[in-house]
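Mapping of the sequence shown onto our numbering: position 220 corresponds to residue 273, and the numbering continues sequentially without gaps.
Report on the structure given below.
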Amino acid sequence: MLAKALLFDLDGTLLPMDTDQFIKHYIAELAKRMESLMDPNEFVKALLTGTAAMIKNRESTKTNEQVFEETFLPLTSLQKEEIWPVLDDFYESIFPTFSHLTKPTKLAKQVVEEAIKQGYKVAVATNPLFPKSAIYHRLTWAEIDELPFELVTVYENMAFTKPHQEYYQEISNRLSVTPEECMMIGNDKQEDMVASSIGMKTFLVEGHVIDRGEPSFLIDDYGTLEDLYNKLKKQEGLFSK
54 MLAKALLFDL DGTLLPMDTD QFIKHYIAEL AKRMESLMDP NEFVKALLTG
104 TAAMIKNRES TKTNEQVFEE TFLPLTSLQK EEIWPVLDDF YESIFPTFSH
154 LTKPTKLAKQ VVEEAIKQGY KVAVATNPLF PKSAIYHRLT WAEIDELPFE
204 LVTVYENMAF TKPHQEYYQE ISNRLSVTPE ECMMIGNDKQ EDMVASSIGM
254 KTFLVEGHVI DRGEPSFLID DYGTLEDLYN KLKKQEGLFS K
């Protein structure tokens, strides 16, 4: 079945980066900003527990944001109105300075524009563990923030996360296509390629591949972002029409 929708991972795919390095820097800097409110180490524990709760959640009636708040806030002994302004300020003023940890490529915009030009529905399928502001800063670094995506997954608008099948099903439902009409394009052999388990085609982007060894999933094609662009533009392989 021909693909009608292309789902692009962001970190390590459209926005080349060492994800582990980025996350470590992000958490360390965020913890520093919490010193006036609570012990930074306790904050990190609460943050990671809240993140784990989002990943574990399988309840479709709650957004990831709601799950995070319900788990995170009680661990801080603070009210939302005390801590949220500090978090919001961090994402608006400090988070943008992390761009030096990424290596933007003009290929990202070229790939997405070519996909839209060919009539594909295009979504940014980044793991929705971050608020919209943090994800849109990363779209800005990749110079794709103004492109007309059908969907960008953020923690405010999604109920599931990678690597769950429900995450990919939720995206296909939002795009009004079947999983078989979708192609997941990413650099993570587990969190992105798991999309194949519900019938999506998969393309592994090389350069910043993440592989935990197990479990393994079907990879229909692979190559660099430049290889992907060339195959898409020439309508070869998975992109044949």
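Backbone N, C-alpha and C define an ideal beta-carbon position, used for all residues, glycine too.
**Identified DSSP bridge partners for residue 287** = Position 234 of the sequence shown, counted from the start, is the residue given in the question as residue 287. Looking at the DSSP assignment, residue 287 forms no beta bridge with any residue, so it has no partner.
**Prompt:** The beta strand (DSSP E) spanning residue 275 covers which residue range?
**Reply:** Position 222 of the sequence shown holds residue 275. Segment 274-276, the beta strand (DSSP E) holding residue 275.
**Asked** Hey, would you say residue 191 sits closer than 8 Å to residue 64, going by beta carbons?
**Response** Translated into positions along the sequence shown, residue 191 becomes position 138. Translated into positions along the sequence shown, residue 64 becomes position 11. Closer than 8 Å, so yes.
**Request:** Pull up the distance between the alpha-carbon of residue 239 and that of residue 151, whole angstroms please.
**Result:** Here the question's residue 239 lines up with position 186 in the sequence shown. Here the question's residue 151 lines up with position 98 in the sequence shown. Rounded to the nearest whole angstrom, the CA to CA distance from residue 239 to residue 151 is 22 Å.
**Request:** Could you please give the first and the last residue of the uninterrupted beta strand (DSSP E) stretch that includes residue 156?
**Result:** Taking the sequence shown and counting its residues from 1, one reaches residue 156 at position 103. Taken as a continuous stretch (DSSP letters only), residue 156 belongs to no beta strand (DSSP E), as it is neither H nor E.
**Message:** Assuming the contact rule is C-beta atoms closer than 8 Å, residue 76 and residue 100 should be a hit. Round their C-beta distance to whole Å, please.
**Reply:** Here residue 76 refers to the residue found at position 23 of the sequence shown. Here residue 100 refers to the residue found at position 47 of the sequence shown. Contact doesn't hold; Cβ gap of about 11 Å is too wide.
**Message:** What does the alpha-carbon distance come out to for the pair residue 82 and residue 281?
**Reply:** Taking the first residue of the sequence shown as 1, we reach residue 82 at position 29. Taking the first residue of the sequence shown as 1, we reach residue 281 at position 228. For residue 82 and residue 281, the distance between alpha carbons rounds to 35 Å.
**Item:** residue 122 versus residue 166 - alpha carbon distance
**Value:** Stepping through the sequence shown from its first residue, residue 122 is reached at position 69. Stepping through the sequence shown from its first residue, residue 166 is reached at position 113. Their Cα atoms are separated by approximately 36 Å.
**Request:** Inspect the CB distances between the region 87-98 and the region 256-274 and report whether three or more fall short of 8 Å.
**Result:** no
**Beta-carbon proximity of residue 61 to residue 247, cut-off 8 Å** = Your numbering for residue 61 matches position 8 in the sequence shown. Your numbering for residue 247 matches position 194 in the sequence shown. Not a contact, by the Cβ cut-off of 8 Å.
**Message:** Is the separation between the beta-carbon of residue 57 and that of residue 234 shorter than 8 Å?
**Reply:** Residue mapping note: residue 57 aligns to position 4 of the sequence shown, counting from 1. Residue mapping note: residue 234 aligns to position 181 of the sequence shown, counting from 1. Yes; because the gap between Cβ atoms is below 8 Å, this pair is in contact.
**Asked** Which value, in whole angstroms, describes the spacing of the CA atoms of residue 207 and residue 188?
**Response** Position 154 of the sequence shown holds residue 207. Position 135 of the sequence shown holds residue 188. Counting only the Cα atoms, residue 188 lies some 7 Å from residue 207.
**Message:** Any contact between the region 248-265 and the region 209-226? By contact I mean 3 or more CB pairs, one from each, below 8 Å.
**Reply:** These segments touch.
**Prompt:** Under 8 Å between the Cβ atoms of residue 159 and residue 70?
**Reply:** In the sequence shown, residue 159 corresponds to position 106, counting from 1. In the sequence shown, residue 70 corresponds to position 17, counting from 1. In this structure, residue 70 does not lie closer than 8 Å to residue 159 by Cβ.
**Request:** With DSSP as the reference, please indicate the residues paired to residue 256 in a beta bridge.
**Result:** Start at 1 with the first residue of the sequence shown, and residue 256 comes out as number 203. DSSP lists 238 and 274 as the bridge partner or partners of residue 256.
**Asked** If you run the structure through DSSP and keep just helix, strand and coil, what is residue 68?
**Response** Indexing the sequence shown from 1 puts residue 68 at position 15. Strand at residue 68.
**Message:** Once DSSP output is grouped into helix, strand and coil, what is the label at residue 115?
**Reply:** What you label residue 115 is simply residue 62 of the sequence shown in a count that begins at 1. Of the three classes helix, strand and coil, the one that applies to residue 115 here is coil, per DSSP.
**Asked** Going straight from the alpha carbon of residue 243 to that of residue 257, what length do you get?
**Response** For the purposes of this step, residue 243 is taken as residue 190 along the sequence shown, with counting starting at 1. For the purposes of this step, residue 257 is taken as residue 204 along the sequence shown, with counting starting at 1. Residue 243 and residue 257: Cα-Cα distance of roughly 11 Å.
**Per DSSP, cross-strand counterpart(s) of residue 176** = Here residue 176 corresponds to residue number 123 of the sequence shown, with the count starting at 1. The partner list for residue 176 (beta bridge, DSSP) reads 60 and 204.
**Prompt:** Could you check where the alpha helix (DSSP H) with residue 141 kicks off and where it finishes?
**Reply:** Counting from 1 along the sequence shown, the entry for residue 141 is found at position 88. Here the alpha helix (DSSP H) through residue 141 covers 133-142.
**Request:** Assuming residue 135 contacts residue 90 (C-beta within less than 8 Å), just tell me the rounded distance between them.
**Result:** The count along the sequence shown starts at 1 and reaches residue 135 at position 82. The count along the sequence shown starts at 1 and reaches residue 90 at position 37. That pair is a contact at about 7 Å.
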